[in-house]
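Residue numbers (my numbering), protein chains in the order written: chain A, 10 to 915; chain B, 221 to 340.
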């Protein structure tokens with residue numbers, strides 16, 4: 010139907026595009042896009058392989074909602090997942106861990122065989138998984154290129170397109186997976202490309218879903234109605250009793266374990282993690298991604314069943330539906346989406362697995378000696394080559410497996426086998442993280458037991474019966490399951506049945522053998538580190554107890570060989586700075602040993618790192634009690650050190666606080682001083698006058714009576730001045746400290762102003778000054794404190810009267826109205842306010858050097874009091890600086906909603 | 221008769237001092253601000269100026285400065301001020317005043333001082 014050369018061209022084009030994207034991201038490492046936490050969350054979607062993309066539709070068509078369990082596991086457990094993941098990530102970063110094999114092997118004291126067993130289990134699990142991906146590509150390719158007989162497989166290797174696709178994939182993975190030598194370093198470019206693929210596969214899948222629901226059919230309901238007429242839908246959308254439900258939960262648990270343990274997930278979520286922020290966005294984004302992916306699965310499955318006969322492979326409905334309808338372009342898009350899912354899975358899996366194979370199997374079991382002889386460049390080249398070779402062998406074995414396995418085997422059943430195998434790491438992995446007594450022997454026993462059970466119960470029956478078809482895997486397996494199957498468990502599906510027994514026996518063996526054969530000091534030490542990870546991370550190199558004899562020079566030599574002289578020098582610098590030492594001395598101490606092991610772990614894996622160090626160091630075994638004792642001491646030392654730091658930080662904070670408090674007190678003190686000075690100064694003038702007058706009176710008894718009276722009047726006048734001054738000060742203090750409650754009543758503001766004018770009128774008349782009032786309205790009802798506002802107006806008017814010239818003075822009060830405010834302005838044609846004083850006239854403590862203004866004003870606190878009163882009314886008072894022919898004060902009284910009503914209604 | 225120029229913007233203080241000085245036999249002239257003070261000074265050339273520091277239009281220091289421009293002038297100056305800090309007093313005396321009285325002050329002491337200044 011579609012020319013196969015054209016398809017190959019599309020594939021090559023697409024791979025070129027991915028190469029370009031990965032290259033671009035590697036170059037623009039620092040760009041916001043590449044660093045975005047969503048890129049991390051999207052790269053986790055490497056979880057969705059061809060198994061999801063094609064396989065879940067097949068499962069949905071055959072057994073309904075069962076497919077959901079695989080995705081619900083990660084969704085339901087997302088919070089728990091993130092919690093545990095944080096711990097794993099922290100440990101992995103500190104110890105330069107580059108794979109799950111390293112992680113588990115380190116937990117059990119850099120145990121070489123533990124790492125090797127983990128690697129083997131992973132390889133066993135991933136090889137069929139990869140072959141499943143190849144199968145998916147091959148089948149989808151064939152569907153597109155030969156319309157009907159898609160499973161027709163080529164008899165000869167070289168005419169099989171899958172072979173070429175496998176080779177392309179191998180090159181792609183080998184190139185990208187080994188760009189860097191230190192496996193614990195991040196591969197931003199590659200994972201950026203993976204994220205882009207995640208977007209592509211989701212977008213295409215959703216698009217096909219919409220196409221099926223709304224283009225091929227009228228709506229999702231339409232599909233459902235038609236489907237329920239044709240076949241038994243309810244059995245596909247509901248659980249058949251408790252048994253199905255339990256099976257479902259088993260699958261959820263299985264997939265929950267897989268999200269941690271699958272090597273590609275470990276690579277994407279742990280090794281590639283850069284910061285905590287990424288986890289925070291992944292916690293909701295990744296489950297959301299999975300949910301979106303599953304929205305249309307059931308509808309595409311139903312749509313497929315309505316259109317095709319039973320013997321068409323339901324896995325490929327998403328391809329077949331557009332093809333049948335003649336939408337070839339869409340079919341190619343679907344193929345590209347599936348191809349994206351395949352590439353990301355294969356590349357990341359082979360990358361993770363090749364690291365494990367090289368660092369945990371090949372190097373520690375054969376190449377250590379070789380490495381010790383060579384120089385850094387040669388070692389690096391060799392390690393890279395080992396990894397490349399691993400990638401090629403993995404893909405080759407997968408390809409061969411694909412050629413051997415019965416073509417009728419469904420994607421789903423192979424996928425579950427992978428999950429089953431990888432789940433065998435769970436006890437050593439999870440229990441080991443929370444139980445410090447788990448030993449290497451226990452871990453090995455558990456994993457081997459579990460592996461054996463999976464082979465007996467699932468793998469052998471799987472391969473023995475080459476004749477099974479389609480979903481009959483279940484029935485065939487059930488027949489094969491012999492003595493393990495107790496009557497009461499017969500309701501479990503073969504996978505879950507195997508899962509149950511393998512994991513139970515695995516846990517049993519792990520715990521049992523851990524208790525029987527306790528780990529040595531090294532295992533126990535790392536047990537402590539993993540269980541109390543946060544304490545251990547704080548302790549840095551003190552978290553590992555080591556006693557022995559080693560030349561520091563030998564240790565540094567190893568660094569040179571494995572990470573190169575340049576990096577070794579940098580690392581040494583970091584080490585010296587961390588422990589504030591000038592020179593590392595001739596003998597290596599525990600810190601240097603521990604630091605070296607971490608450093609080398611990134612390059613050659615934890616087991617090899619230990620071997621390398623132990624080759625140049627004579628390690629003395631330490632009694633377990635002593636290990637624990639030293640660890641406790643170190644921990645306490647760190648804790649007390651931390652507490653000291655905390656205390657000194659607290660003290661510093663306190664000092665700072667005291668300083669601010671002191672500063673503010675000083676400032677207040679200064680304000681108080683200024684205030685007292687101002688008060689004293691204002692009091693002195695009338696007192697001087699009183700003193701002078703009374704002295705004159707006393708010394709001149711012969712003074713005429715009328716003059717005597719004049720002096721006495723002067724004394725009285727000044728006494729009054731003092732009284733007023735004292736009252737003003739008290740008023741101001743009350744207002745400023747908020748001890749004055751306004752008595753706000755809705756009343757006519759015009760009356761209030763008139764009252765003030767009446768008070769000032771005699772003085773104005775005496776000076777022959779004109780006093781005018783202009784208003785837009787005769788009655789303005791506004792809520793205000795009558796007495797206090799009279800005080801304000803009186804004060805402003807008396808100022809005005811004082812500053813205008815006799816006979817020439819003109820004072821005008823104008824009342825205007827705008828949307829929000831009643832605006833009252835009081836202007837005069839007097840001397841005005843000197844420019845230097847303008848910013849300070851409302852300041853109660855300000856004492857003008859240009860005393861001119863203040864002296865005439867009276868107490869000097871009048872304007873400060875006005876300002877306080879006005880502000881208590883939520884209003885404003887200010888000097889209009891644009892007014893130049895005298896002084897103009899403006900008061901803006903807000904019309905509250907309530908006031909507004911009053912103003913309008915009257 | 222010995223001429224005294226009394227400069228202050230507080231009418232009540234001026235009234236009391238004027239009475240006391242006249243009673244002692246001085247020829248007293250009054251000014252209410254710095255500018256008026258300079259005008260009168262030019263006219264009558266008094267032997268003594270009793271000068272308030274903080275006044276409208278021109279303060280006591282400016283008045284003093286203007287008077288001291290004429291080096292031949294022998295008139296004496298007594299400052300009156302509410303500013304009573306040591307610094308203020310120092311500044312006043314450094315500006316060339318013969319004495320500095322802080323408000324409130326004893327009229328009697330002021331009169332004694334004036335008498336002392338006039339003694340040959």
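All C-beta atoms, glycine included, are put in the ideal place defined by N, C-alpha and C.
Opposite residue i in the DSSP bridges: which residues?
i: residue 784(A); result: 824(A)
i: residue 757(A); result: 790(A)
i: residue 25(A); result: In DSSP, residue 25(A) forms no bridge with anything.
i: residue 251(B); result: 227(B)
i: residue 885(A); result: 901(A)
i: residue 272(B); result: 300(B)
i: residue 321(B); result: 300(B)
i: residue 559(A); result: 626(A)
i: residue 582(A); result: BP columns for residue 582(A) are empty, so no partner.
i: residue 596(A); result: 560(A)
Check whether chain B comes within 8 Å of residue i, counting only Cβ atoms and requiring the distance to be less than that.
i: residue 812(A); result: no
i: residue 775(A); result: no
i: residue 698(A); result: yes
i: residue 705(A); result: yes
i: residue 829(A); result: no
i: residue 864(A); result: With a pLDDT of 46 at residue 864(A), under the threshold of 50, the predicted position of this residue should be treated as unreliable, though the coordinate-derived value follows. Yes, contact with chain B.
i: residue 896(A); result: no
i: residue 701(A); result: yes
i: residue 838(A); result: no
i: residue 709(A); result: yes
From this set, the options, which residue's C-alpha is nearest residue i's C-alpha?
i: residue 537(A); options: 442(A), 466(A), 322(A), 670(A); result: 442(A)
i: residue 563(A); options: 583(A), 554(A), 597(A); result: 597(A)
i: residue 543(A); options: 618(A), 636(A), 647(A), 606(A); result: 647(A)
i: residue 16(A); options: 52(A), 338(A), 573(A); result: 338(A)
i: residue 688(A); options: 413(A), 175(A), 738(A), 145(A); result: 738(A)
i: residue 300(B); options: 270(B), 246(B), 233(B); result: 270(B)
i: residue 805(A); options: 324(A), 774(A), 768(A); result: 768(A)
i: residue 328(B); options: 731(A), 705(A), 830(A); result: 705(A)
Does the distance from the C-beta atom of residue i to that of residue j stay below 8 Å?
i: residue 272(A); j: residue 108(A); result: yes
i: residue 462(A); j: residue 507(A); result: yes
i: residue 873(A); j: residue 902(A); result: no
i: residue 838(A); j: residue 818(A); result: yes
i: residue 432(A); j: residue 267(A); result: yes
i: residue 920(A); j: residue 141(A); result: Residue 920(A) cannot be examined here, being either before or after the span of chain A that is shown, 10 to 915.
i: residue 310(A); j: residue 78(A); result: no
i: residue 291(A); j: residue 50(A); result: yes
i: residue 59(A); j: residue 351(A); result: yes
i: residue 62(A); j: residue 210(A); result: yes
i: residue 636(A); j: residue 533(A); result: yes
i: residue 256(A); j: residue 502(A); result: yes
i: residue 631(A); j: residue 530(A); result: yes
Does residue i have its Cβ less than 8 Å from a Cβ in chain A?
i: residue 259(B); result: no
i: residue 233(B); result: yes
i: residue 299(B); result: no
i: residue 317(B); result: no
i: residue 333(B); result: no
i: residue 324(B); result: yes
i: residue 328(B); result: yes
i: residue 256(B); result: no
i: residue 230(B); result: yes
Is residue i near the ligand GTP, in the sense that its beta carbon is under 7 Å from a heavy atom of that ligand?
i: residue 459(A); result: Looking for the ligand GTP in the displayed structure turns up nothing, as the structure carries no ligands at all.
Run down chain D in chain order and give the residues with a C-beta less than 7 Å from the C-beta of residue i.
i: residue 302(B); result: This model lacks chain D altogether; the protein chains it does include are A and B.
Item to complete: Pull out every residue of the stretch 719 to 742 of chain A whose Cβ sits closer than 9 Å to any Cβ of chain B, in chain order.
Response: For the stretch 719 to 742 of chain A, which is checked against every Cβ of chain B, the residues closer than 9 Å are 719, 720, 723, 724, 726, 727.
Item to complete: Determine which residues of the stretch 668 to 697 of chain A have a Cβ less than 7 Å from any Cβ of chain B, and write them out in chain order.
Response: Going along the stretch 668 to 697 of chain A in chain order, one finds 690, 693, 694, 696, 697 with a Cβ nearer than 7 Å to chain B.
Worksheet entry | Interface residues of the stretch 234 to 245 of chain B facing chain A [CB-CB below 7 Å] | Of all residues in the stretch 234 to 245 of chain B, those with a C-beta nearer than 7 Å to a C-beta of chain A are 235, 236, 237, 239, 240, 243, reading in chain order.
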